[in-house]
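First up is the structure itself, then whatever we jot down about it.
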Amino acid sequence: MDPLRKPFTLSATTDFLTALRQGLDRCHVREAGVLIGVSGGADSVALLRGLFELRTEFSLSLHVAHLNHKLRGAASDADAAWVQQLAMSLPLPVEIGVVTSDLTQERGGIEEAARDARHRFLNETSARLEFNTIALAHTADDQVETVLHHLFRGTGLSGLRGIPAERPLPDDIRLVRPMLSIRRELVEAYLRELGQDFRTDATNTDTSLTRNWLRHELLPQLRSHFGEKVDRSLSRLSEQAAEIETTLTTLAARLLEASLLDAQPRTVRLNTRPFANEPRHLVREAFVQLWQRQAWPRQAMGHAHWNRLADLTTALGTVSLPGEIEASHRTSGLLVIGQR
């Protein structure tokens with residue numbers, strides 16, 4: 000069944016579990032300890048119930064995790080208590096974490112701070128339990144919303160690929176999203192068939208937030224005008240961008256290795272000759288990988304900054320960059336980049 004078409008066949012439960020099986024196989028999740036991130040919303044509750052149903056078939060050891068961000072007062076506490084009760088009723092072990100700092104004071108906004116805190120909590124919990132897999136409940140709808148959000152905000156291939164189905168984390172832990180091909184309407188139909196309730200976050204209906212506006216205002220209008228092909232087209236665009244980016248990443252890594260002369264925590268020396276005659280987009284990607292490798296701040300690095308670096312491989316000069324980083328090409332063939 001096409002996961003992006005309206006779901007209902009004989010049973011939403013059958014459709015959901017079939018799609019979840021396919022997602023687990025795509026992410027190579029078998030014979031594993033899996034930490035399930037559960038907020039209490041429909042998507043994460045469906046993932047929890049689905050994995051619990053398939054735990055024997057896939058030889059999974061399951062543990063539930065919930066982080067109370069303390070952002071919505073009594074409602075946040077109620078969500079945490081509800082998730083704990085649900086896990087215990089199955090029964091499954093559960094870990095409830097609590098954010099002790101004020102996320103509203105963090106740089107980069109509340110959403111980013113909450114996401115970072117959640118990922119730290121999940122990674123630390125998984126490492127302590129010696130589990131090798133963290134499962135999150137992002138759906139096909141989340142993927143479509145993410146691609147549109149990135150597109151309107153301004154993005155490259157990495158943004159168009161949207162949410163990755165899996166990615167490595169520290170301590171040999173993998174983060175997987177086995178529900179990325181499942182539509183939210185199938186999730187809700189599955190929960191209705193189970194008679195399973197879930198928590199609703201009132202902030203998810205606030206259309207002054209861009210993500211909510213995309214979900215509740217723009218996408219319904221696009222679907223009304225273009226039909227369900229909107230979702231299929233954006234999902235296909237995401238898949239194609241991911242395939243192209245994978246190839247680009249491999250080629251850029253080879254280019255970076257060929258040019259790297261010396262790398263210290265604060266300073267890198269590069270031979271510029273391997274960059275000669277290489278496509279501009281490949282040179283930019285090599286610098287992106289260098290920033291990742293050095294753990295230098297990338298958030299403030301825009302398209303123009305990467306282009307200036309690419310230009311500097313073929314011309315003498317000095318460029319000042321965000322994060323107090325300076326790139327200097329003063330001797331032919333030698334590019335020095337360092338943090339001041």
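Per numbering that gives the first Met the number 0, numbering of the sequence shown is gapless, rising by one per residue and ending at 339. By construction, the Cβ of each residue, glycine as well, lies at the ideal position given by its N, Cα and C atoms.
Item	Value
Rounded C-alpha distance that separates glutamine 288 from valine 229	32 angstroms
Segment contact, 8 angstroms Cβ cut-off, at least three pairs: the segment 309-318 with the segment 279-287	yes
DSSP beta-bridge partners of glutamine 21	In the DSSP output, where bridge partners are listed per residue, glutamine 21 has none listed.
Residues that alanine 262 bridges to, as DSSP identifies them	Val267
Length at least 4, wholly inside the segment 186-227: the alpha helix (DSSP H) runs in chain order	209-212 and 218-225
Alpha-carbon to alpha-carbon, glutamate 111 and arginine 329	39 angstroms
Chain-order list of residues whose beta-carbon lies under 7 angstroms from that of phenylalanine 197 (same chain, five-residue window excluded)	Gly39, Gly40, Ala41, Val44 and Leu190
Through-space distance from glutamine 291 to valine 261, alpha-carbon basis	According to the sequence provided, residue 261 is aspartate. The question's valine does not apply to it. Approximately 16 angstroms between the Cα atoms of the pair.
Contacting residues, own chain, Cβ-Cβ under 7 angstroms from leucine 66 (five flanking each side not counted)	Gly96, Val98, Ala116, Arg117 and Phe120
Backbone CA spacing between alanine 139 and arginine 127 [nearest angstrom]	31 angstroms
Distance between beta carbons of glycine 36 and alanine 77, contact taken as under 8 angstroms	Actually they do not touch by this definition, with Cβ atoms about 18 angstroms apart.
Within 8 angstroms, strictly: CB atoms of leucine 269 and leucine 254	no
Nonlocal neighbours in the same chain, by C-beta distance under 8 angstroms from alanine 164, ignoring five residues either side	Gly22, Arg25, Cys26, Val175, Arg176, Pro177 and Leu179
Any C-beta of chain D under 8 angstroms from that of glycine 316	The chain labelled as chain D is not found in the depicted structure, where only one protein chain is given.
Rounded C-alpha distance that separates isoleucine 133 from alanine 80	21 angstroms
At least 3 beta-carbon pairs within less than 8 angstroms: the segment 321-339 vs the segment 237-257	no
Exposure label - threonine 202; buried when at least 16 CB within 10 Å	exposed
CB of serine 125 within 8 angstroms of CB of isoleucine 172, strictly	yes
Continuous alpha helix (DSSP H) stretch holding glutamine 298: start and end	Glutamine 298 -> no alpha helix (DSSP H), and no H or E assigned at all.
For histidine 62, the residue or residues it bridges with in DSSP	Leu34
C-alpha gap between arginine 183 and histidine 137, whole angstroms	9 angstroms
Exposure label - aspartate 170; buried when at least 16 CB within 10 Å	exposed
Extent of the continuous beta strand (DSSP E) run through valine 93	93-97
Backbone secondary structure at glycine 337 - three-state DSSP	strand
Rounded distance between the beta-carbons of leucine 89 and leucine 53, thought under 8 angstroms	Wrong, their Cβ atoms sit about 13 angstroms apart, outside the cutoff.
Simplified DSSP assignment, three categories, for alanine 303	helix
Span separating the alpha-carbon of leucine 16 from that of arginine 265	49 angstroms
Alpha-carbon to alpha-carbon, threonine 245 and phenylalanine 57	28 angstroms
Assigned secondary structure, valine 28 (DSSP; H/G/I helix, E/B strand, else coil)	coil
For histidine 362, the first and last residue of its enclosing beta strand (DSSP E)	No answer is possible for residue 362: the residues shown for the chain start at 0 and end at 339.
Proximity of asparagine 122 and glycine 32 at Cβ, strictly below 8 angstroms	no
Boundaries (first-last residue) of the beta strand (DSSP E) holding arginine 182	Run containing arginine 182: none; DSSP gives neither H nor E here.
Selection from Leu34, Glu30, Leu46 and Leu193 that minimises the alpha carbon distance to threonine 55	Glu30
Buried versus exposed, by CB contacts within 10 Å (16 or more), alanine 86	buried
Under 8 angstroms between C-beta atoms of valine 267 and glycine 316	no
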